[in-house]
Amino acid sequence: MAVVVEPSSSDLQIHRLPQPKYIDALRWLPLISALDNPIALALHDSHSATSSIEIHALKTPPNPPSLDLQSSWPCPSRVSSLRVSQTPQKPLIAASTFDGSLHFLATHPVNLSIQSDTSIAEKGFHVGPIWGVDLLGSGGECVTGGEDGRVNLVTVGESRLSYRRVFDSEGLVSYTAAKWASPAEFATGGLGFSLQWWDQRKPGGAVSQFKGGWGRGGSSGIVHSIDIHPSRKHTCVGGGSSGTVFAWDLRWPEQPVVLSGIGTGERENTSPSESEVWEVQYDCFVHSSNISNVSSSRILPVMMCSEDGILAVVEEGEEPAELLAEPCAINSFDINVQNPSTVICSLEWESVAIITRQ
Amino acid sequence: MPGLVSDSGDSLVPFSPEPSPPPLYRLRHAPRPPHSRIAISWARGNCLRVSFFTNPSPPGDQSGGKVVEVSVGSGDLHDVQRRRIAYGSVSPFALLQSQKNSMSALAGMGVGSSTNVAEWWEHVMAFSDDISSLLGNPKRAMSSIIEDEKVVLKNVEEPTCLKAAWELIEIFYAEKQSQAWLPERLVDWLASYDCLLSTTEGTVHSKLVDLQKELATLQVIENDQKYWQGISSALAVGWLDIVVKLLRLHGSYQLDQLGNRETENGLVEAIAVLVSKMPRMRPELANGTLGECFNTKPEYMKGLEGMDSLAQKCMQLKPSSHSHELMRLMLGIIGENTEVVLAECSRSFGPWMVAHAIELLTIGSSGAETLLHEEQYNLGGISIEELYRLVYAQVLSSHALTWQASEIAPVYLMSCATQGMRLLEILLYKQPVQQNQILLKTLEICRLYELDSISSDIMKIAGVRQWKHGRKGSGVFWLQKAQDEVRLNRISQQLFDYVGRSISDNSFKWEGLIELLGQEAKTVSGLDFLHKYRDFKKSLQQITDGKASDAARQAVESLILLMKNPSTPQKFWLPLLHDSRRRWEEAIGGGDGDGKRRREKEEVTGGGDDDGEGRGDGDG
Numbered sequence: 001m002a003v004v005v006e007p008s009s010s011d012l013q014i015h016r017l018p019q020p021k022y023i024d025a026l027r028w029l030p031l032i033s034a035l036d037n038p039i040a041l042a043l044h045d046s047h048s049a050t051s052s053i054e055i056h057a058l059k060t061p062p063n064p065p066s067l068d069l070q071s072s073w074p075c076p077s078r079v080s081s082l083r084v085s086q087t088p089q090k091p092l093i094a095a096s097t098f099d100g101s102l103h104f105l106a107t108h109p110v111n112l113s114i115q116s117d118t119s120i121a122e123k124g125f126h127v128g129p130i131w132g133v134d135l136l137g138s139g140g141e142c143v144t145g146g147e148d149g150r151v152n153l154v155t156v157g158e159s160r161l162s163y164r165r166v167f168d169s170e171g172l173v174s175y176t177a178a179k180w181a182s183p184a185e186f187a188t189g190g191l192g193f194s195l196q197w198w199d200q201r202k203p204g205g206a207v208s209q210f211k212g213g214w215g216r217g218g219s220s221g222i223v224h225s226i227d228i229h230p231s232r233k234h235t236c237v238g239g240g241s242s243g244t245v246f247a248w249d250l251r252w253p254e255q256p257v258v259l260s261g262i263g264t265g266e267r268e269n270t271s272p273s274e275s276e277v278w279e280v281q282y283d284c285f286v287h288s289s290n291i292s293n294v295s296s297s298r299i300l301p302v303m304m305c306s307e308d309g310i311l312a313v314v315e316e317g318e319e320p321a322e323l324l325a326e327p328c329a330i331n332s333f334d335i336n337v338q339n340p341s342t343v344i345c346s347l348e349w350e351s352v353a354i355i356t357r358q
Numbered sequence: 001m002p003g004l005v006s007d008s009g010d011s012l013v014p015f016s017p018e019p020s021p022p023p024l025y026r027l028r029h030a031p032r033p034p035h036s037r038i039a040i041s042w043a044r045g046n047c048l049r050v051s052f053f054t055n056p057s058p059p060g061d062q063s064g065g066k067v068v069e070v071s072v073g074s075g076d077l078h079d080v081q082r083r084r085i086a087y088g089s090v091s092p093f094a095l096l097q098s099q100k101n102s103m104s105a106l107a108g109m110g111v112g113s114s115t116n117v118a119e120w121w122e123h124v125m126a127f128s129d130d131i132s133s134l135l136g137n138p139k140r141a142m143s144s145i146i147e148d149e150k151v152v153l154k155n156v157e158e159p160t161c162l163k164a165a166w167e168l169i170e171i172f173y174a175e176k177q178s179q180a181w182l183p184e185r186l187v188d189w190l191a192s193y194d195c196l197l198s199t200t201e202g203t204v205h206s207k208l209v210d211l212q213k214e215l216a217t218l219q220v221i222e223n224d225q226k227y228w229q230g231i232s233s234a235l236a237v238g239w240l241d242i243v244v245k246l247l248r249l250h251g252s253y254q255l256d257q258l259g260n261r262e263t264e265n266g267l268v269e270a271i272a273v274l275v276s277k278m279p280r281m282r283p284e285l286a287n288g289t290l291g292e293c294f295n296t297k298p299e300y301m302k303g304l305e306g307m308d309s310l311a312q313k314c315m316q317l318k319p320s321s322h323s324h325e326l327m328r329l330m331l332g333i334i335g336e337n338t339e340v341v342l343a344e345c346s347r348s349f350g351p352w353m354v355a356h357a358i359e360l361l362t363i364g365s366s367g368a369e370t371l372l373h374e375e376q377y378n379l380g381g382i383s384i385e386e387l388y389r390l391v392y393a394q395v396l397s398s399h400a401l402t403w404q405a406s407e408i409a410p411v412y413l414m415s416c417a418t419q420g421m422r423l424l425e426i427l428l429y430k431q432p433v434q435q436n437q438i439l440l441k442t443l444e445i446c447r448l449y450e451l452d453s454i455s456s457d458i459m460k461i462a463g464v465r466q467w468k469h470g471r472k473g474s475g476v477f478w479l480q481k482a483q484d485e486v487r488l489n490r491i492s493q494q495l496f497d498y499v500g501r502s503i504s505d506n507s508f509k510w511e512g513l514i515e516l517l518g519q520e521a522k523t524v525s526g527l528d529f530l531h532k533y534r535d536f537k538k539s540l541q542q543i544t545d546g547k548a549s550d551a552a553r554q555a556v557e558s559l560i561l562l563m564k565n566p567s568t569p570q571k572f573w574l575p576l577l578h579d580s581r582r583r584w585e586e587a588i589g590g591g592d593g594d595g596k597r598r599r600e601k602e603e604v605t606g607g608g609d610d611d612g613e614g615r616g617d618g619d620g
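Going down the list, the protein sequences come from chains B and E.
In terms of the UniProt record's numbering, the first sequence opens at residue 1 and continues consecutively.
In terms of the UniProt record's numbering, the second sequence opens at residue 1 and continues consecutively.
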């Protein structure tokens, strides 16, 4: 059953679709050929303690929104992170798990069935949960960072996978997020609001490192999610504990810009959330301003979702715009790249919310 | 929770003393015998954890074992629909509690009470409506359809017992203005839910359903006994529109018969008109329903005799079987027996129902309120209201999802003044710390309810666990957040062993941990060493890179600091000196540097009694 809630501002439509299972992660599948927008969901059935990845088609207006199951794949353990490649011709879903395994699912572009799956699940790959996963846009390579402090690069071939170890800290650090910046560089995030920048052309360790030491008493937190805009490859935006969203520019590595959270004094009152920010993404839905007009030193608007049920867009120098305020946590969200006015998010109380902006 | 007295008649919560055979659970994944030992403990909620230990064979091998989790009991919340209701009722409940708190605060300040009471009824009705809408939306099954004459009953969504029970309680306890119109409200209720009242015996609804099926085939309706019985049953429960419709199906209305059967038709029509003008005591009627409304009692009494007979007939239609839960509930309500109502709700509809229905029960009747709010000695000093909320909260926390979703069980627990906080603490301690996400969600609950000591305990447990599983960075992070100086000191010793083996190479992996440790003065002194060592290495690196004099001085200063620092373990003195000598020679070389170094070294190690010093002398 779908419930339409009249939102406070008239240009938002919100639909909540209760689901029979708990949703660990969700992503849009960027397929041009599909009629209805396909979504990949990582689900967990608490009753039987099994996990699965399902592809649903989202029926859009004029029909009432609903999710129709297209195909399903049982996952051997619970999914910790889900990514899809952005090339429509070869849609690939990468799912990492709590057991340290990584799975790749190839989907058929038209009938949305899962055609094949390959996985890496050996002791030498990762021990423990993998938190940071990112697929390169073309789908050829995948970077993974785990709680065990290893960073691996996986090459996705036609039928087989191979990986190589980029770094192993032997447990001295843990990685909680990862994102590609360019085919040779990627960023990872970890404990203590730390970000690391890696360049494959300079092996041996991270090229640059950042640690956020702000807040009262230097209380530190974990970076849960990173995003890098394709037109601003030198800036990394990260979201983590205590409602913190910040941007790190490689050109000025010691001066992060805090968009939300307990960073600088005057922003304390306008922070939309006080608890863990689970995911951040650059918001490509702009009303009037053109991205190219915005100077390259200004941080683009970023959307965030948090444990206290807030979905909001934060922008440097502006008041945050709240899209959702739920009584339960919002665990993940995804903005549709092909149609940025639509956002899906997964709610703690076993539902999916679909937001359409005008 | 069983009552605390052995006599089930006196217990406040239903408790059946007769023994039933214990349920048997087969473990499918248990390892094969022999086992040297088996241990059983409760995991979270309804889960039993059974650990099998096997003796090593041959001896000297590592002993093995297996841990299996068994889910015992089905539990209310395995059903998705029940979970949906649980999720949806949190916000209305929380709102009502906060309204209650603010009103009692106002009452404490002496603000006028009569407006408060009216407002309070409104709040409770709003709460009741919210909950009711969660339970489904069955339409009135008895509305007549004009298009199809022969269809007397409309097919609608199947109503649920839970919704029927909730509405019944709402009618009798929470609707203030309808106290005088209770019988009519009961008629409305029966219209929607009569089909539920019995699954085995005939209800009025089922009679009419059967009749409707037959109407399609009967030629001469009025000769069939069931036709007249159907009319009288519907009349007895006040479904006037159905009565009139059935009457108009009488054969005498057919066009070809009208001529012959005028008298008969006139009689039937007269009855139909009388029925449609039946006096009813209610404020208004929905469009299309029949009867005449009277607002006040004297007017009403001028009409037909009171609805007492209606109620009598209702009860006669359903003679003896009290096996249905709704019937028992109704009898308890009509008999104004609060304990029976509570017991029935608890037995048939579960803890959710009792926890939420209590809000309705306490509003009107002061007797009920006293019973539910007074502290019961034999329950350990808590009230019945609190007892049922605690029971419900325990049900919630037995299921992974309704516990893990923050803000559900704590909302109910925090509304229990006496024992809620204590139970919340116990439940928080039982949460698993293995997964980061669940850990963070648990800590969020602690932050919301300002339970700082629990929060720091949980962080300590998480930190030690991460450390033991080899994730040193995570362990240090959590212990730092918990500000656990004792353990940080202890693990710093273990870190040093680790450092000694690997820090002499320039590997990057220490950078991360060192950054994590932070620059605060409060850093545990043992780990301070790593900072200074890193600074020292940096300045040494600068010497090698060619930025000579400044860096050299810095390096020397760092070295002195390091050597003087009491936290630097003595076993590092040799590698430190060795490193710096090597770099020095590479960068500067020559006697001057050596001499300066020797002086510095003497200054530092003047009071020391290290073996390394002797060897160092020889080298320097």
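Note that the Cβ used here is the ideal one computed from N, Cα and C, for glycine as well.
Closer than 8 Å to chain E by CB, residue i
{"i": "L172(B)", "result": "yes"}
{"i": "D148(B)", "result": "yes"}
{"i": "F246(B)", "result": "no"}
{"i": "S46(B)", "result": "yes"}
{"i": "W349(B)", "result": "yes"}
{"i": "L191(B)", "result": "yes"}
Proximity to residue i [Cα-Cα], best of the options
{"i": "S96(B)", "options": "T176(B), Q255(B), K211(B), F210(B)", "result": "T176(B)"}
{"i": "residue 687(E)", "options": "S383(E), V50(E), Y25(E)", "result": "Lying before the first or after the last residue shown, residue 687(E) is absent from chain E, which here runs from 1 to 620."}
{"i": "H234(B)", "options": "W180(B), L161(B), R78(B)", "result": "W180(B)"}
{"i": "C142(B)", "options": "L195(B), S85(B), Q89(B), L172(B)", "result": "S85(B)"}
{"i": "E276(B)", "options": "S241(B), K202(B), L300(B)", "result": "S241(B)"}
{"i": "C47(E)", "options": "S71(E), I334(E), N116(E)", "result": "S71(E)"}
{"i": "W28(B)", "options": "S46(B), L112(B), G145(B), A49(B)", "result": "L112(B)"}
{"i": "F104(B)", "options": "V154(B), N339(B), F125(B), A247(B)", "result": "V154(B)"}
{"i": "L448(E)", "options": "V433(E), A165(E), M414(E)", "result": "M414(E)"}
{"i": "L43(B)", "options": "T356(B), S346(B), I355(B)", "result": "S346(B)"}
Anticipated Cβ contact below 8 Å, residue i with residue j, distance rounded
{"i": "G190(B)", "j": "V156(B)", "result": "Going by Cβ atoms, the distance from G190(B) to V156(B) rounds to 25 Å, so no, they are not a contact pair."}
{"i": "A187(B)", "j": "C236(B)", "result": "5 Å"}
{"i": "A86(E)", "j": "L396(E)", "result": "7 Å"}
Buried or exposed by the 16-neighbour rule on C-beta atoms within 10 Å, applied to residue i
{"i": "D256(E)", "result": "exposed"}
{"i": "R21(E)", "result": "According to the sequence as given, residue 21(E) is Pro; it is not Arg. Flag for P21(E) reads exposed."}
{"i": "T217(E)", "result": "exposed"}
{"i": "Q358(B)", "result": "exposed"}
{"i": "L249(E)", "result": "buried"}
{"i": "A355(E)", "result": "buried"}
{"i": "G149(B)", "result": "buried"}
8 Å Cβ cutoff, residue i in contact with chain A
{"i": "P253(B)", "result": "No chain A appears in this structure, whose protein chains are B and E."}
Residues that residue i bridges to, as DSSP identifies them
{"i": "residue 373(B)", "result": "No statement about residue 373(B) is possible, as the shown extent of chain B runs from 1 to 358 and does not include it."}
{"i": "residue 361(B)", "result": "Chain B is shown from 1 up to 358; residue 361(B) falls before or after that span and cannot be answered."}
{"i": "residue 365(B)", "result": "Coverage of chain B is limited to positions 1 through 358, which leaves residue 365(B) absent and any answer about it impossible."}
{"i": "W28(B)", "result": "I39(B)"}
{"i": "K179(B)", "result": "A187(B)"}
{"i": "G146(B)", "result": "I130(B)"}
{"i": "R328(E)", "result": "None, per the DSSP bridge assignment."}
Residue-level contact to chain B via CB, residue i, 8 Å cutoff
{"i": "S456(E)", "result": "no"}
{"i": "S415(E)", "result": "no"}
{"i": "Y87(E)", "result": "yes"}
{"i": "V90(E)", "result": "yes"}
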